[in-house]
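Just below is one structure, and these are the notes that go with it.
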């Protein structure tokens with residue numbers, strides 16, 4: 015089965031940098047909230063697509079649902095709980111990847127609950143506030159996606175070069 019990877023903490027890192035540039039009274043209250051809010055809205059869209067009429071015929075023919083994979087779930091800002099993203103992004107048909115330190119932090123104090131479907135109006139309000147502050151989340155996430163594709167392509171190229179060199183040496 016395949017997954018659709020969704021990188022989480024990078025969104026907060028990028029948006030927080032933009033928020034910190036602003037001299038707006040609402041900006042500090044939004045720090046560290048965008049990644050979870052965006053992920054919750056993405057999950058709502060996922061549910062609409064895969065559990066609605068758009069996918070119904072495919073599901074009836076045996077097509078599996080492509081699950082969401084939450085990646086980059088360790089917090090980059092030490093002011094945030096180490097389990098922030100894992101705690102807030104638990105729900106059906108999702109997978110979370112975690113580095114060992116996040117797994118251990120979650121094991122010690124994480125909360126297991128279906129949190130993805132809670133506080134969705136609050137999540138939308140966060141995104142609305144960003145728009146009111148003229149922070150273009152679409153532009154930020156597109157840039158992050160481009161960076162991610164470039165990084166993965168570079169790693170793949172390096173891997174292929176290493177394999178080719180190893181093959182030549184045999």
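Numbering (the numbering used here), first residue to last: 15 to 184. Beta carbons: idealized from backbone N, C-alpha and C, even for Gly. Note that the structure is a prediction, hence the values are computed from the model and not measured.
Taking C-beta to C-beta, are residue i and residue j nearer than 8 Å?
| i | j | result |
| --- | --- | --- |
| residue 102 | residue 50 | yes |
| residue 126 | residue 47 | no |
| residue 81 | residue 62 | no |
| residue 52 | residue 158 | no |
| residue 147 | residue 41 | yes |
| residue 129 | residue 110 | no |
| residue 94 | residue 84 | no |
Mind reading off the beta-carbon distance from residue i to residue j? Whole number of angstroms is fine, and I expect it under 8 Å.
| i | j | result |
| --- | --- | --- |
| residue 154 | residue 28 | 5 Å |
| residue 89 | residue 124 | Contact doesn't hold; Cβ gap of about 13 Å is too wide. |
| residue 44 | residue 144 | 7 Å |
| residue 137 | residue 55 | 6 Å |
In whole angstroms, give me the CA-to-CA distance for residue i and residue j.
| i | j | result |
| --- | --- | --- |
| residue 33 | residue 183 | 52 Å |
| residue 133 | residue 163 | 31 Å |
| residue 70 | residue 79 | 11 Å |
| residue 26 | residue 175 | 34 Å |
Going by DSSP, what residue range makes up the beta strand (DSSP E) through residue i?
| i | result |
| --- | --- |
| residue 110 | 108 to 110 |
| residue 83 | 81 to 85 |
Just curious, the alpha helix (DSSP H) that residue i is in, first and last residue?
| i | result |
| --- | --- |
| residue 173 | 151 to 183 |
Open item on the list: Would you call the stretch 87 to 104 in contact with the stretch 17 to 27, where contact means no fewer than 3 C-beta pairs closer than 8 Å?
Closed with: The stretch 87 to 104 vs the stretch 17 to 27: in contact.
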